[in-house]
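The sequence shown lines up with residues -8 to -1, 1 to 252 when you count with mature numbering (1 follows the signal peptide of the UniProt record, and there is no 0).
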Amino acid sequence: VVATTAAADPSTVIGVAHRGASAYAPENTVAAFELAAEQGADMFELDVQETKDHKLVLMHDTTLNRTTDAEKVFPNRSSWKVGDLTLAQIRKLDAGSWADADYEGEPVPTLGEALGAMRGSGLDLRLEIKSPHLYPGIEGRIAGTLRRNSSWLSENRLVIQSFDRDSLRTFNKELPQVPIGLLGTPRTADLDDLAKFADEINPPYADVTPSYVKCVHDNGMKIFTWTVNDPDDMSRMTSYGVDGIITDKPDVLSEMAATP
Ligand code: G3P
Ligand code: CA
């Protein structure tokens, strides 16, 4: 028998909507975040990148092709990288139709718009700095946007996460009060050192074992795992003692939490 490190109670696990309720609404749009709130998520996750004119927009891929109609709107380009188009250009795009015709015309939001739209939702925010090596200085610009939307900071409704340790360390210097989550599965031998700047270690669920959860907790950090969409996997991760589950289907997690 392998010991778990926390009470395995589904109702206490924090439910995070991955890119919003992205199984049902187009990822990284306000529509997906609002649906996550309706489905009982505790938190919503989003990915931040930067346009050519240094505006912060929400997009997972470093190109616009998969989740917008960029190729149709700008047919004469040879590449459709987020960082090669201005905000004005990106605002011409439809980020909804690719997922569902009901969401036709859903725009690519700026970070500021998402913060404004979700301020009254009661949900906390998990903000991923995506591919920061492409956008030198993005950490300072994210911090600036958060300072202008200060209730997220004063109400402690925010975690910053990334796969990029340097970016997290840079952000930590900008706003040291904001908790930091490191994405990935570092070696347990490194956890002690990582705990100097990280508050969470966030691995894919295939990597999570009860002993890994215990090591993270023993080093004073939390563990949020992704992307868990199957109820059996949600139950297993809960039994291992994870602090939070990041899912495209917050309704499935809410239902599990509500079931005695
Ligand atoms: O929140 C965890 C998850 O978002 C990390 O992977 O590729 O979906 O950004 P990805
Ligand atoms: Ca992400």
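C-beta: ideal position from N, C-alpha, C; glycine also.
Answer with buried or exposed for residue i, where buried requires no fewer than 16 other C-beta atoms within 10 angstroms of its C-beta.
i: L126; result: exposed
i: T4; result: exposed
i: E120; result: buried
i: S71; result: exposed
i: G97; result: exposed
i: T201; result: exposed
i: H209; result: buried
i: R118; result: buried
i: Q153; result: buried
i: G88; result: buried
i: L245; result: buried
i: K64; result: exposed
i: Q169; result: exposed
Does ligand 2 have a heavy atom nearer than 6 angstroms to the CB of residue i?
i: D39; result: yes
i: E120; result: yes
Classify residue i as helix, strand or coil using the three-state DSSP reduction.
i: P128; result: coil
i: Q153; result: strand
i: F163; result: helix
i: F216; result: strand
i: A9; result: strand
i: T180; result: helix
i: T55; result: strand
i: T43; result: coil
i: L103; result: helix
i: K64; result: helix
i: G97; result: coil
i: P252; result: coil
i: G114; result: coil
i: G173; result: strand
For ligand 1, is there any heavy atom lying closer than 6 angstroms to the beta carbon of residue i?
i: W218; result: yes
i: I6; result: no
i: I238; result: yes
How close, in whole Å, do the beta carbons of residue i and residue j come, if the pair is a contact with beta carbons under 8 angstroms?
i: G7; j: T239; result: 7 angstroms
i: T219; j: H10; result: 5 angstroms
i: R111; j: S142; result: Contact doesn't hold; Cβ gap of about 11 angstroms is too wide.
i: D86; j: T60; result: 6 angstroms
i: K47; j: T102; result: 6 angstroms
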